[in-house]
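Take the sequence shown: its letters are residues 1032 to 1755, numbered as in this note's numbering. The next block holds one structure in the form of structure tokens; read it before the comments.
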Amino acid sequence: MPYIHTCRRVAVVSARGRSFIPILASFALFSTALSAKPAVLAQARQLERIEETLSSNSGSESFLSNSRQPPKRLKALKTLRKLVRLRERKSKILSSVGDRAAAVLAEYLMSEIRRPSREPSRVDSMTDELDALLAPYSDFSTIAGFDYDFDDPGRYRAPKVGGFLARARWSAARPKNKDVQSAVKALAFAENETRGFDKCLALLTFAETLRDVSTASDDDDALSRAENYLDECRKYGGKFFTPVSDSKHGKARERLGTRDWRRLQDRIFRLQLDIDIAKLAAEFGPDYALYVKMRRYYDAKRWLDAFVAAERLAFGENGWTPPSKKKRASGEKNTPGKQTTQSVCAEAGRLYWCRLLLMNDAAGKYRSASLPSGVDETERFIADKPRGLYRGDALMELARFYLERKWDWKKAGVYYEKALKWFRDAREERDAVDLYALPPKLASFASPDSPETTLDEWRRTRRRKIDSKEIVNRRTAPWYVSENEKECLFMTGFLLLESGKPEEALKRFSQVSSIDKNIAFLERKNFPNALMRLRSCCKTGYIVLPVKCRRLLSRKNKCRIFLAEFKYVLEDLDAAEKIYREVLNDPKSRPIDKAAAMMGIGNCHDLQEKKTDDAEWFAKAYELSPKSAIGAESLYRLACNNRGNGKFDEAIKRYGEYLRRFPKGSWARSCLFNLAQTCHTAGRKKRFKMAAASFKKRYPKSELNKYLKQMAKTGPDEMLVPEE
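Spelled out as structure tokens, the structure:
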């Protein structure tokens, strides 16, 4: 009988439209007409479609669109309750589906009950439903009597283990009549009697239960035990659910057990975060703990959770509430509550709240209309805090929004100019931030130790990731003002360069060396740096792609790629690659646009030591547009990349191909010289003489002829000739 294992993650939205709760739904289904009715399979497929609809945008910028629709939440719950009824069927397969659906529904109901804003009447009804739902799961023999497959622990699972663990956890989490002792006893039994994925689930449930007990009773020992169980869960899961290619059951384990294990990562992440936050709250207070929680969610791209935490920081527990239907009908704008505190964490929370609202605005037709305008709220934040710590950041957020999302570079320039003026004024206001002073203990813990940008061993700019525990502003970080002022100078200069004013752009770029010590050091040593490259761009009028290549691109992608090239010159490679991939993944992009984006990704990977697929990107770009000027650029860079990696035969082939296809191309002279030098390095004397003679015939007055003449008298490794 073929075994089909379907695991789905159901995102369920709360009634208030405030957040969504990822729930791990695992259903074991067999594809035989005798054991599974078509109606049941149809319900499972329906649940699968709901999961994909609700969770497809969980990591994208349209984070508040589909996930805030109560009808889809109700539809998902209705489907779960239908599947729960299958527990009563005599068929073991169908009853197994019902048991797993019951575990999913119980997990959701317990999550809803723990929400502080839930009405008491609703809590009572969900409590009664949970009691009835988990009543059948009290017999320990359902776990003890199950025969596990020790060779492949991810393949078989005890059908009722999810309900059994949910009942044990509910015994300790009930609002009334808690029975922590019996819950711990049951979980300890499950820990010893389960294997494989079931044991991982038992360890995780034990840790969650101890976390709940610690939250209710301020028991530090229970919190430490919860962390120990969580570590044990990670170790056990990593031991069993790692793909093993040389094992007999390696493929089955990767397909089944590892897939289930990966779906537990969300609960593991949330539990570890709750433990960390509880420790920080005990030591530094709830505001800072909530700030770290917001930053963790934001860095993990869990936008809804970050939005909820930011809103609580900015406006308190009640947060923002949508206007009534009467106000919406009259056209009145959404107005959030007033900011309740003036602390640093509250200011940061409101900044992130505005940042997430701007992301909602950028979602276009997928944006949530029930939320206020991100532009209006950011403007309000700027107006309310004329001397606030994060006023400059808010101005730069608006500038980036218009620059990278609306492509209105004129407005972006206005906001960058305002931000530049604010940072210059902030440099002189040393005594204007006393209102936002941190306690000494928190200041020493949360202040960053090193600047955001440094130079590596190759003297390239490297940007470190700001830790979620760091509070970065002009009071805690001495480099904060200079870094942001430098970015404003670069971006205003870029906008001037794009508008056809290279002289004014050069003046802005030249001011950077006076505020950035790293660039000033590289300038004194006459070492290649971003400022040197930007001076060259101001003279030539282009950055990476020549003007004739840029003319081939569509209007929007021309702006995108020009901005990505500027980020590339500044050695902000991650930001550049992100923009290139936006062009590549845009369904409206033409092949020529995608070829330019692929070449850009190859350039970014070429400067990153850990990336080894740069040649593949150049090859794809050339294959996508072989007859265009962008294809010629990609072919030349592919040949140079092969030569730099020691693939001399491939480089000779690519150089020759360029000369055949583009004999009058921009890189024809360089290709012919590099071809001769590569042939000399590879020891191909006959081909070297032919290339050198061809170069002398085509470029008789070039100074490079004397190098080729000297190379003919030496061996491959006796002389190094600089590339043109």
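Beta carbons are placed, not taken as given, at the ideal position from N, Cα and C, and that holds for glycine. In this text, all values refer to a predicted model and were calculated from it rather than measured experimentally.
Problem - Meets three-Cβ-pair contact criterion under 8 Å: the segment 1569–1582 and the segment 1680–1693 - result: no
Problem - Strand pairing of Leu1486, partner residues [DSSP] - result: Thr1492
Problem - Coil, strand or helix - Arg1205 by DSSP - result: coil
Exercise for the section: Determine, using beta carbons only, whether Leu1311 and Lys1500 come nearer to each other than 9 Å. Expected result: yes
Practice task
Check whether the segment 1574–1592 touches the segment 1614–1628, counting contact only when three or more Cβ pairs, one atom from each stretch, lie closer than 8 Å.
Solution key: yes
Handout entry: Close Cβ partners of Asn1542 (< 8 Å) along its chain, the five nearest in sequence each way excluded
Key = Note that residue 1542 is Gln in the sequence shown here, rather than Asn. Around Gln1542: Leu1520.
Problem - Same chain, Cβ closer than 6 Å to Ala1430, five either side skipped, listed in chain order - result: Ala1443, Tyr1446 and Tyr1447
Exercise for the section: Check whether the segment 1671–1678 touches the segment 1632–1651, counting contact only when three or more Cβ pairs, one atom from each stretch, lie closer than 8 Å. Expected result: yes
Problem - Own chain, CB closer than 6 Å to Ala1713, minus 5 neighbours either side, in chain order - result: Phe1679
Practice task
Could you tell me which of Ile1502, Asp1330, Glu1681 and Gly1380 sits nearest to Glu1348, measuring between CA atoms?
Solution key: Gly1380
Problem - Same chain only: Cβ atoms within 6 Å of Lys1324, ignoring 5 sequence neighbours per side - result: Ile1308 and Ala1340
Exercise for the section: Please report the Cβ distance between Ala1221 and Ala1204, rounded to the nearest whole angstrom; I am assuming they are in contact, meaning their Cβ atoms lie under 8 Å. Expected result: In fact, because the Cβ distance is near 16 Å, the residues do not count as touching under 8 Å.
Practice task
Taking Ile1546 and Lys1517 to be in contact with their CB atoms under 8 Å, please state how far apart those CB atoms are, rounded to whole angstroms.
Solution key: 6 Å
Exercise for the section: State the start and end residues of the unbroken alpha helix (DSSP H) segment that holds Arg1581. Expected result: Val1578 to Arg1581
Exercise for the section: Return helix, strand or coil for Lys1416, following the three-state DSSP convention. Expected result: Collapsing the DSSP output to three states places Lys1416 in coil.
Handout entry: Contact under 9 Å by Cβ, Leu1388 with Glu1408
Key = yes
Handout entry: Given Tyr1260 as reference, the closest of Ser1245, Glu1596, Leu1451 and Cys1231 once Cα atoms are compared
Key = Cys1231
Handout entry: Proximity of Leu1402 and Asn1391 at Cβ, strictly below 9 Å
Key = Contact flag set, yes.
Problem - Straight-line Cα distance separating Ile1610 from Ala1134 - result: 42 Å
Practice task
Indicate whether Gly1419 and Phe1454 have their beta-carbon atoms separated by less than 9 Å.
Solution key: no
Handout entry: Sufficient close CB pairs (3 or more, under 8 Å) joining the segment 1487–1495 to the segment 1291–1306
Key = no
Practice task
Measuring only between beta-carbons, confirm whether Tyr1139 sits less than 9 Å from chain B.
Solution key: As a matter of chain content, chain B is missing from the structure shown, which is built from one protein chain.
Handout entry: Arg1198 vs Ser1245 beta-carbon contact at 9 Å
Key = Contact flag unset, no.
Practice task
Locate the alpha helix (DSSP H) running through Phe1171, then write down its first and last residues.
Solution key: Where Phe1171 is concerned, there is no enclosing alpha helix (DSSP H), given that its DSSP letter is neither H nor E.
Problem - Proximity to Lys1109 [Cα-Cα], best of Val1215, Tyr1319, Ala1132 and Asp1162 - result: Ala1132
Problem - Pro1618 versus Ala1627: straight-line alpha-carbon distance, rounded - result: 15 Å
Exercise for the section: Tell me whether Val1578 is buried or exposed, calling it buried when 16 or more other Cβ atoms sit within 10 Å of its Cβ. Expected result: exposed
Handout entry: 8 Å Cβ shell around Val1575 - same chain, five flanking residues per side excluded
Key = Excluding residues within five positions, the ones whose Cβ falls inside 8 Å are Glu1596, Tyr1599, Val1600, Gly1631 and Asn1634.
Problem - Status (buried if at least 16 other CB within 10 Å, exposed otherwise) for Gln1741 - result: exposed
Practice task
Return the chain-ordered list of same chain residues with a C-beta closer than 6 Å to the C-beta of Leu1241, the five sequence neighbours on each side being excluded.
Solution key: Closer than 6 Å at Cβ, skipping near neighbours: Ala1253, Arg1256 and Ala1257.
Problem - Reduced DSSP secondary structure (H/G/I, E/B, other) of Lys1449 - result: helix
Problem - Glu1602 - DSSP class collapsed to helix/strand/coil - result: coil
Problem - 7 Å CB neighbourhood of Arg1564 in its chain, flanking five on each side removed - result: Val1600
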